[in-house]
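Enquirer:
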Amino acid sequence: MWWASYVFQGTPSFILAKKLAALKLDLKKWNEAEFGNVTFKKQDLWSKLNVLDAKEENHRLTAEEKLEQSNLRTDIEKLLWKRLVGGKKSLMVNGTLSLDQGIIVDYITPFFMNLYTEQQADCRFPDSLVFPMISGDNADWLERPFEEA
Numbered sequence: 098m099w100w101a102s103y104v105f106q107g108t109p110s111f112i113l114a115k116k117l118a119a120l121k122l123d124l125k126k127w128n129e130a131e132f133g134n135v136t137f138k139k140q141d142l143w144s145k146l147n148v149l150d151a152k153e154e155n156h157r158l159t160a161e162e163k164l165e166q167s168n169l170r171t172d173i174e175k176l177l178w179k180r181l182v183g184g185k186k187s188l189m190v191n192g193t194l195s196l197d198q199g200i201i202v203d204y205i206t207p208f209f210m211n212l213y214t215e216q217q218a219d220c221r222f223p224d225s226l227v228f229p230m231i232s233g234d235n236a237d238w239l240e241r242p243f244e245e246a
């Protein structure tokens with residue numbers, strides 16, 4: 098959607114660089130609109146948690162403080178998870194949208210194992226393909242040192 102809306106003039110590499118810069122700005126704006134300022138929220142949560150952790154080193158925390166400490170840790174984990182996966186924890190498994198993390202893990206692991214496992218293939222060279230040999234002079238010419246024209 099955004100990519101096609103960026104119009105720049107120049108060489109292909111210049112256009113690509115300009116489009117990537119424009120996309121970066123739009124993604125930052127989208128991130129703030131969609132998730133709020135994640136960096137600020139994360140820093141604020143860590144700061145509050147550090148205060149409670151430091152206090153815990155010297156004194157026993159009250160039940161209320163322990164609950165707040167636990168909630169801060171949970172909020173940080175959620176924020177980090179949201180940032181990693183865009184807040185979406187569902188996956189289409191066998192035609193059904195699943196939110197069950199166990200099912201998702203059970204589906205993802207074999208998927209990638211299969212994706213990155215080399216299948217045994219028939220790698221014999223077909224007899225019907227015959228390529229002519231390169232003459233000695235042409236072979237020598239191909240192996241010459243590279244020179245700028």
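Okay, so the sequence shown: first residue is 98 according to the working numbering, each after it adds one.
Built from N, CA and C at the ideal position, the CB exists for glycine as well.
These figures come from a predicted structure and were not determined experimentally.
So for residue 188, helix, strand or coil by DSSP?
Expert: Here residue 188 is taken as the residue at index 91 of the sequence shown, counted from 1. Correct three-state label for residue 188: strand.
Enquirer: If I'm right that residue 329 touches residue 176 with Cβ under 8 Å, what's the distance once you round it to whole angstroms?
Expert: Since the first and last residues shown for the chain are 98 and 246, residue 329 lies out of range.
Enquirer: Taking residue 194 as part of the beta strand (DSSP E), name the residues at either end of that continuous run.
Expert: Within the sequence shown, the letter at position 97 stands for residue 194. Unbroken beta strand (DSSP E) run through residue 194: 193-195.
Enquirer: Would you report the Cα separation of residue 189 and residue 210, rounded to the nearest angstrom?
Expert: Numbered from 1 along the sequence shown, position 92 holds the residue referred to as residue 189. Numbered from 1 along the sequence shown, position 113 holds the residue referred to as residue 210. Rounded to the nearest angstrom, the gap between the Cα atoms of residue 189 and residue 210 is 18 Å.
Enquirer: Can you confirm whether the region 131-138 touches the region 149-168 when touching is taken to mean that 3 or more C-beta pairs between the two stretches lie within less than 8 Å?
Expert: Result no; under three Cβ-Cβ pairs closer than 8 Å.
Enquirer: Using three-state DSSP, classify residue 230 as helix, strand or coil.
Expert: Translated into positions along the sequence shown, residue 230 becomes position 133. Three-state DSSP puts residue 230 in coil, outside helix and strand.
Enquirer: Which residues in the same chain as residue 138 place their Cβ atom closer than 7 Å to its Cβ, once the five residues preceding and following it in sequence are excluded?
Expert: As a first step, residue 138 must be located in the sequence shown, where it is residue number 41. Excluding residues within five positions, the ones whose Cβ falls inside 7 Å are 176.
Enquirer: Which value, in whole angstroms, describes the spacing of the CA atoms of residue 146 and residue 170?
Expert: For this step, residue 146 is matched to residue 49 along the sequence shown. For this step, residue 170 is matched to residue 73 along the sequence shown. If you take the alpha carbons of residue 146 and residue 170, they lie about 7 Å apart.
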